[in-house]
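First comes the structure, then the notes that go with it.
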Amino acid sequence: MNVPRHVKPPFEAIVACHGATVLRVVRAVVGHADADDAWSDTFLAALKAYPQLPGDANVEAWLVTIAHRKAIDVARATSRRAVPLADPPDSPARERADSHDLDLDAAVGALPPKQRQAVAYRYLAGLPYADIAAILGGSVAAARRAAADGIATLRRTYPRLDTARNHE
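Residue 1 is where the sequence shown starts when you use this note's numbering, and the numbers rise one by one after that.
Structure representation (structure tokens):
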């Protein structure tokens with residue numbers, strides 16, 4: 001977004017610019033089923049806090065920090081939900097306009113939490129390791145290591161990732 005540092009863009013522009021990134025991040029953290037809830041919670045909280053955000057703040061890092069916290073809240077709430085006794089009927093598969101890869105979602109979802117979050121924040125949100133370290137509460141080296149370990153695990157467990165890399 002090309003807006004002078006001292007002038008904050010309207011919140012709608014923030015959502016338009018960063019909404020897809022936040023959705024990718026929360027999908028990686030909480031999974032596809034709960035991502036919409038975490039995304040909505042993120043932008044509701046951001047809307048309330050936006051007036052106090054300094055004009056020169058890193059909006060993307062700020063949103064990913066909020067998304068991280070909201071995703072954890074949604075994951076906790078999901079873990080407390082009652083589990084139905086009978087399987088619900090299969091719903092028809094929906095064609096995805098964004099060709100979302102559910103196998104990759106599953107592979108990312110199987111990573112340990114710190115690795116999953118570091119991979120999401122680095123490779124889906126494009127955040128620098130310093131911001132990731134601040135969000136996760138560790139050092140820059142630990143954030144870098146978690147992301148590298150997560151990618152190494154994905155290369156072993158998700159063969160298409162390594163195949164795509166070898167064809168570049």
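Built from N, CA and C at the ideal position, the CB exists for glycine as well.
Worksheet item: With DSSP run on the structure shown, which of helix, strand or coil describes residue 56?
Response: coil
Worksheet item: DSSP state of residue 7, grouped into three classes?
Response: coil
Practice prompt. Could you check how far apart the C-beta atoms of residue 35 and residue 23 are, in whole angstroms? I think they sit under 8 Å.
Written response: 6 Å
Discussion item. Within 10 Å of its beta-carbon, does residue 70 have 16 or more other beta-carbons around it, so buried, or fewer, so exposed?
Written reply: buried
Discussion item. Considering only their Cβ atoms, is the gap separating residue 29 from residue 67 smaller than 9 Å?
Written reply: yes
Practice prompt. State yes or no: is the C-beta of residue 151 within less than 9 Å of the C-beta of residue 64?
Written response: no
Worksheet item: Three-state secondary structure (DSSP) at residue 139?
Response: coil
Fill in: Assigned secondary structure, residue 111 (DSSP; H/G/I helix, E/B strand, else coil)
coil
Worksheet entry | C-beta atoms of residue 74 and residue 38 nearer than 9 Å | yes
Item to complete: Could you tell me the distance, in whole angstroms, from the CA atom of residue 118 to the CA atom of residue 144?
Response: 8 Å
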